[in-house]
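Working notes, structure below.
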Amino acid sequence: MSGYAGLLAALVLAPLLPGVINRTKSFFAGRRGPPLLQPYFDLAKLLRKGAVYSTTTTWLFRAGPVVGLAAMLVAAALAPFGGVSAPLAFAGDFLFFAGLLGVARFATMLAALDTGSSFEGMGASREAQFAALAEPAFLLGLTAVAWKTGGLSLSGMLGANSFATWSGAAAPLALVCVSLLVVFLAENARIPVDDPNTHLELTMIHEVMVLDHGGPDLALIQYAAALKLWVLGSLVVGIALPVRSLAHGWAFAASVAGMLGLCVIVGVVESCLARLRLTRVPQLLLGAGVLSLLALFIGLK
Amino acid sequence: MNSWIDAVLVLITLTSLVLLGASRLGTTIRMVALQGVLLSPLPLLLAGDAGITLRAAGLAVATVLIKGIGFPWLMDRAVRGGSLRRELDPRLGYNASLLAGVLLLAVAFLLSSRLPLPPGEGTPLVLPAALFNILAGMFVIASRRQAITQVLGYLVLENGIYVFGVGIASHQPLLVELGILLDVFAAVFVMGIVIFHMGRELDHIDTGRMTLLNDWEKE
Numbered sequence: 206m207s208g209y210a211g212l213l214a215a216l217v218l219a220p221l222l223p224g225v226i227n228r229t230k231s232f233f234a235g236r237r238g239p240p241l242l243q244p245y246f247d248l249a250k251l252l253r254k255g256a257v258y259s260t261t262t263t264w265l266f267r268a269g270p271v272v273g274l275a276a277m278l279v280a281a282a283l284a285p286f287g288g289v290s291a292p293l294a295f296a297g298d299f300l301f302f303a304g305l306l307g308v309a310r311f312a313t314m315l316a317a318l319d320t321g322s323s324f325e326g327m328g329a330s331r332e333a334q335f336a337a338l339a340e341p342a343f344l345l346g347l348t349a350v351a352w353k354t355g356g357l358s359l360s361g362m363l364g365a366n367s368f369a370t371w372s373g374a375a376a377p378l379a380l381v382c383v384s385l386l387v388v389f390l391a392e393n394a395r396i397p398v399d400d401p402n403t404h405l406e407l408t409m410i411h412e413v414m415v416l417d418h419g420g421p422d423l424a425l426i427q428y429a430a431a432l433k434l435w436v437l438g439s440l441v442v443g444i445a446l447p448v449r450s451l452a453h454g455w456a457f458a459a460s461v462a463g464m465l466g467l468c469v470i471v472g473v474v475e476s477c478l479a480r481l482r483l484t485r486v487p488q489l490l491l492g493a494g495v496l497s498l499l500a501l502f503i504g505l506k
Numbered sequence: 036m037n038s039w040i041d042a043v044l045v046l047i048t049l050t051s052l053v054l055l056g057a058s059r060l061g062t063t064i065r066m067v068a069l070q071g072v073l074l075s076p077l078p079l080l081l082a083g084d085a086g087i088t089l090r091a092a093g094l095a096v097a098t099v100l101i102k103g104i105g106f107p108w109l110m111d112r113a114v115r116g117g118s119l120r121r122e123l124d125p126r127l128g129y130n131a132s133l134l135a136g137v138l139l140l141a142v143a144f145l146l147s148s149r150l151p152l153p154p155g156e157g158t159p160l161v162l163p164a165a166l167f168n169i170l171a172g173m174f175v176i177a178s179r180r181q182a183i184t185q186v187l188g189y190l191v192l193e194n195g196i197y198v199f200g201v202g203i204a205s206h207q208p209l210l211v212e213l214g215i216l217l218d219v220f221a222a223v224f225v226m227g228i229v230i231f232h233m234g235r236e237l238d239h240i241d242t243g244r245m246t247l248l249n250d251w252e253k254e
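Protein chains in written order, with this note's numbering: chain A, 206 to 506; chain B, 36 to 254.
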């Protein structure tokens, strides 16, 4: 089974993840909740609709969703899954990966600013601030993993991650896992950083930036968001579960199970935690960065 | 065995970092209590080949009793007795404190790489964890205004020295270690009583505002 199976799984299964999160949340709230496949239905519905564009917007607004999805597709090709190398892998590709996340964010922010809505501008400003704090945590954490596993690409790092690595360096790897989990929550606009269900523009971060998009554009954005959830989640799962030691089929199954488990964890977090005050979010991300740095120090020792 | 020691040391380091970034007095006291409890298995884990002796077990029990229960109880009593503000009011903000903590962490790791351990003593993480706790304790004492936070900083500092002592000089007699514990206990006991009465008499324990406490009249 080659790395293309992982990419295919990402493309096909990604919209399932928000469904699992929503199902977990409704279980905690005592509701039945939407069907697991609801995100697929939503995407199909949105794709059949026409798009409406405000006359104040320019091509930047239309480019936002396309660039965002394109960046996420390349990122999905970089992220290894199921213990095998990704289709695309080269030394230092984790910097490229972080850059792709940045490009997608930049395109979304430009599209948001292009609408001229003050709420969307506020959302873009917050997104930029939090992303700037999440990125050091992400890169420092991956540097610690690279140091411990000796791999310079994402595939190399996660591919070399085995039970032996864990027994030799449990403390730094566990710290990186926690740190990346916080980055995962922040980047995907989940609680405690952002509330994906909020309907108050003043407090939204990610959702407010895409308020003016509709129809196929919104479908692209939602699909890109699901892919981002999958791609970043696969990194967390890849570090937490050293599946390389298993046979290929089992490694793949274990990774998919890990992704679903991660979504259940996100659902539990969203059900049990309140959203942080906006002024406290930087502290959370800073804390994640400190964890990554501590892991790096311990790894260097 | 080693990975357990490392896990405990990392957790101790994390409690100190949380303490640096925490804004609530209750959280900081709880962190110091947690740190005291986390310290207790160290003598048992670091006992090494000798196995678990009565001496190590006694030290572990004494540590939990004094550092995990005694000190937090004293601090809690001082907070409840006096009219203290629940929110801390540091000279440096919480995020800046956390960043300073990162700096101290780097200094601790750098220093410990220059100090070679005697062979067969402790694990590589003992020294940085001990140094970081000592530095973090000093930082808390220097950067916080309220007397009670300064006492908590003193406890963190002492915990660092404890890690150092248990990790490096594991062969010192039980009497010495218990003596040190008793000394610290007496010191914190006195400080707790002082803070309790300060809070009652002055309505605040802000050390920055205590420059006018004089016995004599100004000329």
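For glycine and all other residues, C-beta sits at the position ideal for the given N, C-alpha and C.
Proximity of residue i and residue j at Cβ, strictly below 8 Å
i	j	result
B:G214	B:G195	no
A:A316	A:F266	yes
B:P125	B:A68	no
A:L451	A:A459	yes
A:N393	A:L425	no
B:A165	B:V211	no
B:G64	B:L187	This sequence places Ile at residue 64 of chain B; Gly is not what is there. The answer is yes: Cβ separation under 8 Å.
A:P285	A:L359	yes
A:A511	A:A339	Residue 511 of chain A lies beyond the residue range present for chain A, which begins at 206 and ends at 506; the question has no answer from this structure.
A:G211	A:A275	no
A:M409	A:M314	no
A:V387	A:A342	yes
B:T98	B:L134	no
A:Q488	B:N168	no
B:L44	B:L152	no
A:D319	A:T370	no
B:L140	A:F295	no
Residue i versus the options, residue with shortest Cα-Cα distance
i	options	result
A:V474	A:L496, A:D399 and A:W435	A:D399
A:S384	A:A375, A:G364, A:L407 and A:G346	A:G346
B:P76	B:V142, B:G103, B:P163 and B:G61	B:G103
A:L248	A:G504, A:L496, A:F502 and A:P421	A:P421
A:F233	A:C477, A:A291 and A:L416	A:C477
A:G504	A:A391, A:T348, A:P447 and A:L446	A:T348
A:L213	A:G326, A:L283 and A:L499	A:L283
B:L190	B:L54, B:V43 and B:G128	B:L54
B:I183	B:L138, B:V161, B:H232 and B:A135	B:H232
A:L300	A:A351, A:A462, A:A376 and A:L241	A:A351
A:V436	A:T262, A:L318, A:L278 and A:G454	A:L278
A:A303	A:F368, A:K230 and A:L440	A:L440
B:L150	B:Q181, B:P163 and B:D218	B:P163
A:S259	A:V442, A:R482, A:H418 and A:G438	A:H418
A:I444	A:I396, A:L407, A:G361 and A:R480	A:G361
A:G306	A:L465, A:L432 and A:K506	In the sequence on display, residue 306 of chain A carries Leu and not Gly. It is A:L432 whose Cα lies nearest to the Cα of A:L306.
A:R253	A:P223, A:L423, A:A456 and A:V495	A:L423
Chain A contact for residue i (CB, 8 Å cutoff)
i	result
B:Y25	The question about residue 25 of chain B has no answer here: the residues shown for chain B are numbered 36 through 254.
B:A171	no
B:E254	Reliability of the predicted coordinates at B:E254 is poor, the pLDDT of 46 falling under 50, and the value obtained from them is presented with this limitation in mind. No, because no Cβ of chain A sits closer than 8 Å to the Cβ of B:E254.
B:L52	yes
B:V191	no
B:A322	Here chain B has residues from 36 to 254 only, and residue 322 of chain B is not among them.
B:L41	The sequence given here has Asp at residue 41 of chain B, not Leu. Yes, B:D41 lies at the interface with chain A (some Cβ there is under 8 Å from its Cβ).
B:T48	yes
B:G56	yes
B:S38	yes
B:P151	no
B:V142	no
Minimum Cβ-Cβ distance from residue i to chain B less than 8 Å
i	result
A:P447	no
A:L278	no
A:V495	yes
A:L483	no
A:P487	yes
A:L478	no
A:G492	yes
A:A452	no
A:L385	no
A:F311	no
A:A376	yes
A:F502	yes
A:K506	yes
DSSP bridge partner residues for residue i (one or two, in chain order)
i	result
B:D241	B:Q181
A:V289	A:F286
Cutoff 8 Å: residue i Cβ touching any chain E Cβ
i	result
B:G136	Any reference to chain E falls outside this structure, whose protein chains are A and B.
Quiz item: For the segment 254 to 287 of chain A, which segments carrying the alpha helix (DSSP H) assignment without a break, of at least 4 residues, lie completely within its bounds, in sequence order?
Solution: The qualifying runs are 264 to 283.
Practice problem: Kindly provide the ranges of any alpha helix (DSSP H) runs that are 4 or more residues long and lie completely inside the segment 313 to 397 of chain A, ordered along the chain. | Solution: DSSP runs (the alpha helix (DSSP H)) wholly in the segment 313 to 397 of chain A: 323 to 354, 359 to 364, 368 to 373 and 375 to 392.
Quiz prompt | alpha helix (DSSP H) runs contained entirely in the segment 400 to 482 of chain A, provided each spans 4 or more residues | solution = List check, alpha helix (DSSP H) in window: 411 to 414, 421 to 445 and 453 to 477.
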